[in-house]
Structure formats: C-alpha cells, structure tokens
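Protein chains in written order, with my numbering: chain A, 431 to 725; chain B, 637 to 910; chain C, 3 to 292.
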Amino acid sequence: MSAKKPIIEIKNVSYSYESIDGRRISALDGISLSIERGSFVAVLGHNGSGKSTLAKLLNMILTPEKGEIYFDGERVSGPGDIDENVMYAVRRRVGMVHQNPDNQIVATIVEEDVAFGPENLGIPPQEIRDRVDAALAAVGMTEYARHAPHRLSGGQKQRVAIAGILAMMPECIIFDESTAMLDPSGRAEVMEIIKKLNKERNITIILITHDMMEAAMADRIVILNDGRVYADGTPQEIFSQVDRMRAIKLDVPETTAFMYELSSLGLTLPRGVFNVRECAEAVAAALFAAGKVRV
Amino acid sequence: MRDITLGQYYPGNSVLHRADPRAKLVCAILYIAAVFMCRSALAFIVIIAATAVSIALSGIPLRVLLRSMKSLIFIIIFTAFINLFLTTSGELLFRFYFIKIYSKGIINTIVMILRITLLIAGSGVFLTYTTTPIALTDGLEQLLAPLRKLRLPVHEFSMMMTIALRFIPTLVEETDKIMNAQKARGADFGTGSLLSRARALLPILIPLFIAAFRRADELAIAMECRCYHGGEGRTRMNVLHLRTPDFAIMAFCVILCIAAALINTYIPIFTLIG
Amino acid sequence: MSGIRLDGVSYVYSAGMPYEKKALDNISVEFEDGKMTGIIGHTGSGKSTLVQLLNGLLKPTSGKIYLGGTDIWAEPKKIRSVRFRVGLVMQYPEYQLFDETVRSDIAFGPRNMGLSDAEIKERVVEAARFAGLDESLLDKSPFELSGGQKRRAAIAGVMAMRPEVLVLDEPAAGLDPAGRESVLEGIRRYGRENKATVILVSHSMEDMAEYCDNIVVLSRGQLYLSGKTSDVFRHWEMLTKVGLGVPMITRVAAELRRLGVPMDDDIYTVSGAVANIAAIMAGKEGGSNA
C-alpha cells in the first residue's frame, strides 16, 4: 500500500451487544483496519458478520468497548465518553447512506430533504441553496427537486439520500447495504454514482454489501466473518481464493467459479479474473494452448 | 388516488396561493376575530362582501368550497336546531305542543349559520385551500419562533408535523401491503360480529405498529447521522420573506376587524344580537 | 392437477380516471403443472400485478384466470377458497408477522381455512420443515428471530395452507448468499414433495437459471418471451434489448462462441458450462491427434 495518510484507522476494536434473551453476542472481535484517503473499499460478509456494527462505529452511533478509532490521525472514539463536538465533526466528514431508502428521507420535498444536513450544520441560507443545487446535479436529480420523495423509485430515493450526504461536503461516505433493497436498474444507478464520486471527487468510499459483483468494483475488499477480518486484498486477490470464500458460504462471481472448476479439468488458467470478456479470453486461450480447440 | 398529504390544498397561483404562510395565518386569525365581532346586519354584509372578494382572489371554485361544507352539514343543522328550539327570549312566534319558537331564536339561528359558513369559507380561502400543509408547518414554526424563549418546543412540534406528513403516504402504502398479505392467508375483514371484525384487524395493526416503530428507529439514526441535534443553531434553506402583497392582505384583514368593531358600536343599524 | 392459466388477461389501474394505467395487456400464459416457473421483467413490467391476479387479490379488467379448469372469478364470493389453493408470498413477507409465537403465526392461514387443531399442528411442523425453520424456534416470538428466520417463518405461513400453486414475489430479496440459498432450496423442496406448481418472481437471473424449469418474461405489461429456461436464455440479445440481463455464465459462453470455441447456445449454469467444456475437450482430443 502507498504511504498516503489513512483517513480512518481502526485499532483493535471490539464491540458486543446483548441479545433478546440476555446473552452477550460479540459483533466485532478486536479488528484493525486502515482506510486510505480516496480509496474505494468494499466490506463484505454475511448478516451478523459485524459489517453494520462497523458502520455504526465509524460515524459514532456506537462507541467501541475496546480499542480506538482515529480519523485523519486524531483519536475520535474509544471506550467511555465521547466529545459531542468531535462527534458532529466526524458525522459531517463521514456521511452514511442507509439500506432502506424510505427511512432516511425526512422532508416532503426532495430539495428540502437534501437541505436537511446543511441546515443542521447551521450553514447560511444562500450557501445551502448552492450546495443543494450542486448535490442534486451530482446525482442527476435536478429535475426532481420539487417532487415528493414517496413518488420516486427506490433508486431515485437512494440518489436523493446520497445528495443529502453530499450537501454536507463529506470526505468519506459509508454505504450500508444501500443497494440491497433496489432492483437491478436502481442498483446500477447507485453504483454508477458511487464510482463517480470516488473517481471524480476523490471521496473515500466504504461500501458495505453482500453482493460480490458490487464488491468487485472496489479497489480493495475486506471480508468480515464472525467479527474478524477474514480476508483483505484487491478483488483479484480475494476472488482467487475460491475455496476460502466457499468455506464461509460466500458466493464468488460465476466467471471466477467457472475458471476455478475448469482448472480441475487440467486447464491452466489465471486466477482472480471476474470480468466476462477477460474470462472468456483466458478460457479460449487455454483451450487453444492445450490444443483442444483449433482456431 | 389524491395525494393525501396535500390535505385540501387546491393548486393555483393566486395572490393568496403565493402569499407568505405566516401572513395567511395572521389573516385567518384576524378574519375569525372579525366574524365573531359581528353583531349587526350591516357588519355581516361588510364581512360577507369581504369574504366574496377573498374567494374571488383565491380562484377557488365555489363548488369546491361548498363541498367542504357538505361534511359539516350535520354540525350546522345541529347547532341551528339547538338555537332555534332552546332560545326562550324575544317574542313567541310559534307554538306546537311543547315546541316553542321565539323571534330571538330565529335570529340566533341565522347568525349561527352565517358564522359557521363564513368560518369554513374564510379558513379555507386563507389556509387549507391555498397553503400546503408543509408550508403551513413552516409558517407556524417561524411565526411562533419567539415562543422558543418561553421554552415551548416550537421547532420539535414542527419537525414532528413534517415527519408525519412525510410518512403518511408510506404508512398508507404499508397498510395496503399488509392487508393484502393477510388476505392471501385467508384473513376476512368484512364479515362476522363487531367483536370478531375488530379482532380481525389485529393481524394488520400489529405489523403496522411494528413497522412504524422500526421506521422511526431507522429514521432517528439517519437523522443523527446527518448531524441533527434539535433546533438549536439550525438554519433554514428557505427563509420566509414578507413582501408587499403579504402586508396588503394583512392590512385588509386588520381593516375588516376594525370595521366590524366600529359598525357594531357606531352604526348599530339592524343590531341582531348582544 | 392445478392447471393455472391466464387467458387474455388485462389489468388497468384506476380504470376510467384521467390517470388510468394499463399494467397488463392481454396476457395468455399457462404455468406447467408441478414445475417451477420464473417471471422476470423490469420494475413496472406488470410482475407484481400478475402475481396478485393469480390468487384473486386483484380482479382482471378483462380476460379469465383458470385454476383446475374453472374460472376463479366464476363465483366471486368463493374467492377466499382460491387464495388457499394459490398461496401468495408477497415481497418482504416478514412484515406480515403478528402473532405471539411463530407457531401460531404460521397457523394463521390453516386456522382461517377452518382445519382441525390436529391437522393445523401437523401442517405447521411440516411447513416449518419446508421453509428450513428449526422446530426449536416455533415457540419463540416472531420478533425475536433474525431477519432470515423471519422471512422463512413468513414463507412457512403460506406453505402451511398447502397450496397447490405457490407464488412468491422476490422471496430472497435482501438476504445474504447463505440466506438466499436456504430460502430457495426450501421452496424447491416444497414444490417437489407436494408436486406443487411454483411461480417465482425474481430479479436474479442466476437464481432463475439455477431453480426454474420455465421462464416467462414480461415487458411493459406484455408477454415478451416464454418457454424452457434454456430456450429463454438462448435469446439473450432479446433480453438485453428490454434491459434485462442473462446469467453471467451465459454471456461468457456467448463470448467463447465468438472466440471460436464451439459452446452450446443453451448454457445458463456454471456446472452446465463446465460440462460443455469437458465434452469439447473429450471430443476434440481424438480430432487433434488425427
């Protein structure tokens, strides 16, 4: 990894919660992670793997039982009391888009919802107006500015939610399973915006998901299992470990699975490929090389 | 289906539609005061004329206004009858067994019907038909802002109203889904005794409440994530500005109030009551 | 046999109003008995309307729906009995749970059918087994269960009516991969053991490929394609045209054909693709030696 200063550092963080029948359940068990500024990190894992707890710790809805969280080199959260001013500063700089599009829109008019965050920050009215217009433009929702949110599609609602976060000018955005309730076109809309925000505005992205194909779009994948980091690496590195993924019942992309199975037929194939075209080219090349198919 | 969150809002672009909601709230209060001050026929004539002008200004069709009276017709008839039969002053005009009608009763009845009708028309024209509930909420919050100094939760009240308006359509939709899901399992809402019908609602109400609480919980977290911490230090994107037409309509209502008071005192022609 | 079939069915929302909307337009389709049929289409293609027509939650504006040879709306008063025969699991069904225990919640449908206590008891256990819900969970409150368990409990609530046609709208939406698999396996098990017709709406082409025998494709309220799963995915260009995908592996196979590898044109699962490559390798072995 490069020597860039991490935007977020999690050091040895543990968190547990009480279940309905009074047992303590460990959600995160001494995990350490360092997120580089401007990177696009996917956090993958089953329900109950600790993904959502991690998200809630990062923008200080929860505080760790053990361990510390650093933002931009400054310790912001740890066991015990937290400073409210620090907390609001972190929430402004680390935005969060949640899973259910309906349950994060506050106002009855799109642009007023986008204004909600800046209003809370006490920004002057004219500047809020400018930020709202810019945020709506960034997610392609300008023409819906005066619409009622409940009439929008799921994908459009999530875009409004993203605009609401963008208007606070965050440096990092966490997407907590933000595509799980959307249909394929809604997912595509949201993923497109996520990529754009990362590439064009250098906003650090933490994408929490259980969809392999979405995770494949990131620069780095962190897999959580039972509250620990199970694997951490580039998509290529992660997807080359088909056995390890299957061991914890995570899917690998069909392309990756296909190539993995073919290796057992005796074909020599590169590992960690998941793009359709690259996969087909690699398989064709291997077949030609083995003299199984003539051109 | 009509958008339930719009209430009775009748879309338009009249002076009254465009007016600042705070000005309209003030107008509505002044108008109500004027209506209650009327004691003479002349005062009523003035106020009816003023109401007619306001209706014309608002561009709300008369039939739309009349439709809103339809739902209140029972209240109007009920109060009319009470006034008609229970007033026992003035001249006895009519007698049929125990039913006695006095002249004063007839006058009271007419005044009562006039007042209710004017109140419905006036509040409709100034508020419900020309102002969306959300604008009304904003107006109320900003109008009552000084009361915050008295520790009244003005901002919290307005936030609650906004969230309620935001979630009404969502919960209506949710109710519909849950009803269909239970019908698919053979639930029967239409038959049986009153008690069994009430019980049949449980499979709808319980999931609905649970869903509402879940939504409230998620919304609260989402709001906190967006740095919400109550009304303190909060700014608004849309700050309401009173403009000339707003002052004009408020002045119109002030004049109406003064006129009603003066007519009662100085030109007591056809004094009806009091 | 169930024999569920649509004959020229159209459905119009808010008919006669200025904002009327035609959701389904003259659909005729027969669902193969005892098989799993997938319905795919965009949001707004009419899928959700279609599933609600199948069990009589909606009444067609025109056309007829036949179940076992009889028009389900022949006697509108008996529509409730149709709902017991055509079980519908709506989207996010866990939001319908309401009773004190999982057991009594699953029993809600059978109770409404007026079955005996003994029969209900047996059906609840059976449905829980199909849905993959552990018996130890039956006496808990449904609100103590995890997300995936709630989903399975809700599905069991419909299976307990032992419908001859089981219709499910996105039963695996929002679940993680392990949860998806367990739910879909349970549905398959129900279909096989009860010889029931299963109709499954899903956005996941991979799930469709894995579980469905037949596929019906809707686009803008019209029947766009229908047939055996392999036949439908063979028309992947047609599917892409209306904005629908095909399984990733189908695209890999198409790409391989373009590169000169003689893959079959009905590949839609990874195991199918691997078998195909194995056959090619075996078949060409002799050829290349000659």
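Ideal Cβ placement from N, Cα and C applies to all residues, glycine included.
Using DSSP with H/G/I as helix, E/B as strand and the rest coil, what is residue 881 of chain B? helix
Proximal residues of chain A, C-beta to C-beta of residue 864 of chain B below 7 Å: 550
Could you list which residues in chain C have their beta carbon closer than 8 Å to that of residue 706 of chain A, in chain order? 250, 253, 254 and 257
Check whether the region 126 to 134 of chain C touches the region 13 to 28 of chain C, taking contact to mean three or more Cβ pairs, one atom from each stretch, closer than 8 Å. no
So residue 875 of chain B contacts chain A; which residues on that side make the cut at Cβ distance below 9 Å? 555
From the DSSP output, read off the bridge partner residues of residue 39 of chain C. C:201 and C:216
Report all residues from its chain with a CB closer than 8 Å to the CB of residue 442 of chain A; omit the five preceding and five following residues, and keep chain order. 460, 461, 462, 496, 497 and 498
Identify the contact partners of residue 710 of chain A in chain C, using a Cβ-Cβ distance below 7 Å as the criterion. 254, 257, 258 and 261
Taking residue 602 of chain A as part of the beta strand (DSSP E), name the residues at either end of that continuous run. 602 to 606
If you draw a straight line from the C-alpha of residue 171 of chain C to the C-alpha of residue 216 of chain C, how long is it? 16 Å
Classify residue 502 of chain A as helix, strand or coil using the three-state DSSP reduction. coil
Neighbour-count burial assignment, residue 694 of chain A, 16 or more Cβ in a 10 Å radius: exposed
Tell me where the alpha helix (DSSP H) around residue 550 of chain A begins and ends. 540 to 551
In three-state DSSP terms, what is residue 7 of chain C? strand
Cβ pair residue 771 of chain B, residue 881 of chain B closer than 8 Å: no
Report the CB separation of residue 45 of chain C from residue 26 of chain C in whole angstroms; it is logged as a contact under 8 Å. About 15 Å; that fails the 8 Å criterion.
By alpha-carbon positions, which one of B:840, B:854, B:670 and B:644 ends up nearest to residue 888 of chain B? B:670
C-beta neighbour in chain B for residue 522 of chain A, strict 8 Å: yes
First and last residue of the uninterrupted beta strand (DSSP E) at residue 32 of chain C: 23 to 33
Does the beta-carbon distance from residue 200 of chain C to residue 219 of chain C come in below 8 Å? no
Anything in the region 806 to 836 of chain B with a Cβ closer than 8 Å to a Cβ of chain C? List those residues in chain order, please. 810, 813, 814, 816, 817, 818, 819, 820, 821, 822, 823 and 824
Take residue 281 of chain C and list the residues in its own chain whose beta-carbon comes closer than 7 Å to its own, dropping the five residues that flank it on each side. none
Between the beta-carbon of residue 679 of chain B and the beta-carbon of residue 900 of chain B, is there less than 8 Å? yes
Partner residues on chain A for residue 150 of chain C, Cβ-Cβ distance less than 8 Å: 477
Could you tell me whether the region 229 to 247 of chain C touches the region 35 to 45 of chain C, using the rule of 3 or more Cβ pairs below 8 Å? yes
Check each residue of the region 673 to 695 of chain A: if its Cβ is closer than 8 Å to any Cβ of chain C, include it; give the result in chain order. 679, 680, 681, 683, 684, 685, 687, 688, 691, 692 and 695
With three or more C-beta pairs closer than 8 Å as the rule, is the region 726 to 745 of chain B touching the region 696 to 715 of chain A? no
Am I right that residue 104 of chain C and residue 55 of chain C are in contact with their C-beta atoms under 8 Å? What's the rounded C-beta distance? Their Cβ separation, rounded to whole angstroms, is 30 Å, which puts residue 104 of chain C and residue 55 of chain C out of contact at 8 Å.
Could you tell me whether any Cβ in chain B is nearer than 8 Å to the Cβ of residue 132 of chain C? no
Consider the Cβ of residue 843 of chain B: report whether some Cβ of chain C lies at a distance smaller than 8 Å. yes
Which stretch, first to last residue, makes up the alpha helix (DSSP H) that contains residue 715 of chain B? 709 to 722
Alpha-carbon to alpha-carbon, residue 648 of chain A and residue 29 of chain C: 42 Å
Look up residue 655 of chain A in the DSSP assignment and give the residues it is bridged to. A:658
How about residue 846 of chain B: is its C-beta nearer than 8 Å to some C-beta of chain A? no
Contacting residues, own chain, Cβ-Cβ under 7 Å from residue 232 of chain C (five flanking each side not counted): 268 and 270
Using beta-carbon positions only, say whether residue 179 of chain C and residue 680 of chain A come within less than 8 Å of one another. yes
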